[in-house]
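Residues in the sequence shown are numbered consecutively from 882, following our numbering.
C-beta atoms are modelled at their ideal positions from N, C-alpha and C, and glycine is treated no differently.
Please read these numbers as outputs of a predicted model, since none were measured by experiment.
Only one structure is covered here, and it is reproduced in the block below.
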Amino acid sequence: MTRNIFYISQIILLALASVSCEERIDSALLTGDPVITINGMITNQPGPYYVRITKSVTDLTKTTDRVFLNKFDPVHQAVVTINDDHGNIDTLKPWKVDGEPDWLKGGVYHTTHLQGVVGRTYTLTVVHEGGVYQAVATIPAAPLAIDEVKYAKSKDQINDSRVPLVSFQEPQQQKDYYRFFYRPYGINPVTHELSLIGGYSPGPNNFWQLISPQFFIFDDQLLTTHVVDLKLEDESLTSQELFPPSAHPFGLKTKVEMEIHTITKEAYEYFSAVKENLLFTPNQPFGTAPASPPTNISNGGLGFFTASSSLSVLVDGPQN
882 MTRNIFYISQ IILLALASVS CEERIDSALL TGDPVITING MITNQPGPYY
932 VRITKSVTDL TKTTDRVFLN KFDPVHQAVV TINDDHGNID TLKPWKVDGE
982 PDWLKGGVYH TTHLQGVVGR TYTLTVVHEG GVYQAVATIP AAPLAIDEVK
1032 YAKSKDQIND SRVPLVSFQE PQQQKDYYRF FYRPYGINPV THELSLIGGY
1082 SPGPNNFWQL ISPQFFIFDD QLLTTHVVDL KLEDESLTSQ ELFPPSAHPF
1132 GLKTKVEMEI HTITKEAYEY FSAVKENLLF TPNQPFGTAP ASPPTNISNG
1182 GLGFFTASSS LSVLVDGPQN
């Protein structure tokens, strides 16, 4: 079992990013009309898979808070199912992460037996207070192997931090869109146990991916057959950088879990819009609202149901 370590500043960062990627501040919210937001993810990796459902608090015009961290209530009593085009169906159950932070507050559901398969189409259905919300997504072809992960100095002017450089094969005969995730672990020098470092979410990978603020997304139009040293750096709040041993107490050695996901064009467009909104939201919370991210949720719902193929590698962290 890994031990998760949290820093307050990183929790705030995750909270802001999570809110930004899941909720739209628009006229409906400001006039008191509640809006339901549904975010789910299914992959070709073993389940369970997770869906998070929230609903906007009404009448934001009566609040003076400068940050919208607690303006969305978790939905606890929805009926949530995921079925595929091969006749399989799974009714999701409520789930609570150990040590759940205040900003999460539930509203998370998990599958019990369904397995994501490349090429299959999945339908997410949420029934809540008489409303029926659906989304459909197909798991795309799996990515090829990650060949190498190296590190370079980041553009951070304050900290001596590093960012990953990823090399991998890109099949030119098919259209692909990619999203990357990574998490650092400290290595216990005695037990060799791995412990998460910094403000990275607890819980299984499938849950962490759902709420991660990392938006390293790429269209293969600009990629060659042999992608070399693709830099995963983002100057927005979504950036989570790595540090060499000299920056850790007692020269702590680290491992990095790197994931590559192939995603659909619709998911790429959604995450691109989310990333754009993240650049806007922190500095001007009451400015003119940015364009809402596109959604595949029906019946006026917000959010997105993502299907992806993924693979991961565990590599040494930065050495210097």
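Annotated as distal: G1132 and I919, with beta-carbon spacing of 7 angstroms or more. Taking the CA atoms as reference points, K974 sits about 13 angstroms from V1008. Close CB contacts of Q1015 within its chain, under the 7 angstroms cut and outside five residues either way in sequence, are with T1004, L1005, T1006, S1179 (chain order). Here G921 is bridged, per DSSP, to V932, F1186. The alpha carbon of E1138 has as its nearest neighbour, out of L1075, I934, Q1102, S1035, the alpha carbon of L1075. Taken through DSSP and simplified to helix, strand or coil, L1104 comes out as coil. Scanning its chain for C-beta atoms nearer than 6 angstroms, with the 5 sequence neighbours on each side dropped, one finds around F1088 the residues Y931, in chain order. Straight across, the Cα-Cα distance linking L1113 with Y1058 is about 15 angstroms.
The C-alpha of K977 lies about 11 angstroms from the C-alpha of R933.
The secondary-structure analysis by DSSP pairs W1089 with nothing; it has no beta-bridge partner. Taking a C-beta distance under 7 angstroms as the contact criterion, P1199 and P1125 qualify as a contact pair. Using a C-beta cut-off of 8 angstroms, the stretch 1099 to 1115 makes no contact with the stretch 950 to 967, since fewer than three inter-stretch Cβ pairs fall below that distance. Relative to the Cα of I1098, the nearest Cα in the group Q1055, K1146, G1067 belongs to K1146. Around I1144, the same chain offers Y1058, R1060, S1189 as residues with beta carbons nearer than 6 angstroms, after the five sequence neighbours per side are excluded. Of the other Cβ atoms in all chains shown, fewer than 16 fall within 10 Å of the Cβ of N1069; this residue is therefore exposed.
As computed with DSSP, A1016 is found in a beta bridge with L1005.
Annotated three-state conformation of V1155 is helix, per DSSP.
Separation of V1030 and P1094 (C-alpha to C-alpha, rounded to the nearest whole angstrom) is 21 angstroms.
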